[in-house]
Amino acid sequence: MRFRHPRRTQPRATSRTPRRGPTTFLCALCLGLLAAPAAPNPSGWQTYFRAPGSGQRVSQYEIELRVSEQEKRRFQVPGDCPELIQAAAEGANQWGGQVEKSQWWKAETDCRYSLFLNHHTGAPQTDYVSGYDFHNAPLSMLPLQRQCSRPETAPLPCAGFSRATGLHHLLSTDDSLDGSAANGNGCRIRNGAFRGWVRFADGEIHCKEDPAGPGFRIVAIDYSDVNGDGFLDAVLRLFPLGPRHGRTASILPVTRRSPEGAFSVPEGMPLL
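Next up, the structure:
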């Protein structure tokens, strides 16, 4: 996937914690949930997240969570992520009111994202992604349709990544869009955002830019070899724009096997 050392991920800041949705896995990207690795990222990249309360951009934080009716426990994120995930699996995240449950959800999501990025410990050997300008990329270079192919030996099902397998759920279609209305040059991300309407026809994508239309923004990019194939991958954190897609963020992991090729979703990645 993508390798790079000199520059660091620059996610957008927010302190708002989104509500949990049935199809959201990594709403960690919902701007307040920027996760950090539980161990040093083998790719050499540092991932950042937002500290609870202050919203400060940090590489680790401490959070106190209720684990029973009478007991609270302090966790270090990402250092205590295995213990935190285990406590959540045993039901500790069900205690307390809405605020406390939101704190649990943030910490748990940060940890799951950290574990996703650092599932494989080997350092990637090939990097065709870190030098690419995703903030000004043609849409045709990115995987647009949902993909869910994985080997039978993969430990986790594709369902867990239902919102992290393509841009389709963030693009609004307009079937009335014809050649005269469409703008081929408009089918691209500009300065990290795309807003407008699309139509898929004859294997091609046609677009009409609309500054007030629906779309998405790239809020951060993380780099790691998420599937352990030796190629650096990029994980785009995407936040929807406009009222049509709610306020649920998602991720798009992408990779490629040649310097000039289009990007695809990495095969066999862990679906946490």
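Numbering-wise, my numbering puts 362 at position 213 of the sequence shown, and it's gapless, one number per residue. Ideal Cβ positions, reconstructed from N, Cα and C, are used throughout, including at glycine.
Excluding the 5 residues preceding and the 5 following Met418 in the sequence, name in chain order all residues of the same chain whose CB lies nearer than 7 Å to its CB.
Val375, Asn376 and Pro402
On the three-state DSSP scale, how would you describe Leu233?
Residue state for Leu233 is assigned as helix, using DSSP reduced to three classes.
Out of curiosity, what's the CA-to-CA distance linking Gly271 and Glu409?
25 Å
Assign Asn242 to buried or exposed, taking buried as 16 or more other Cβ atoms, counted over all protein chains shown, within 10 Å of its Cβ.
buried
Hey, Leu288 and Cys356: beta-carbon distance below 8 Å or not?
yes
So Gln225 is in the beta strand (DSSP E); what residue range does that whole segment cover?
Lys221 to Val226
Can you check DSSP and say which residues form a bridge with Ser413?
Thr404
State buried or exposed for Glu232, treating a residue as buried only when at least 16 other CB atoms are found within 10 Å of its CB.
exposed
What is the rounded straight-line gap between the Cα of Gln235 and the Cα of Asp359?
If you take the alpha carbons of Gln235 and Asp359, they lie about 45 Å apart.
Would you please state the rounded distance, in angstroms, between the beta carbons of Val414 and Arg386? I believe it to be under 8 Å.
Rounded, the Cβ-Cβ distance is 15 Å, inconsistent with contact.
Cα-Cα separation between Ala361 and Ile212, rounded to whole angstroms
39 Å
Using only alpha-carbon positions, find the residue among Leu390, Gly246 and Tyr372 that is nearest to Glu218.
Gly246
Please name the residue in Val216, Lys221 and His284 whose C-alpha comes closest to that of Ala237.
Val216
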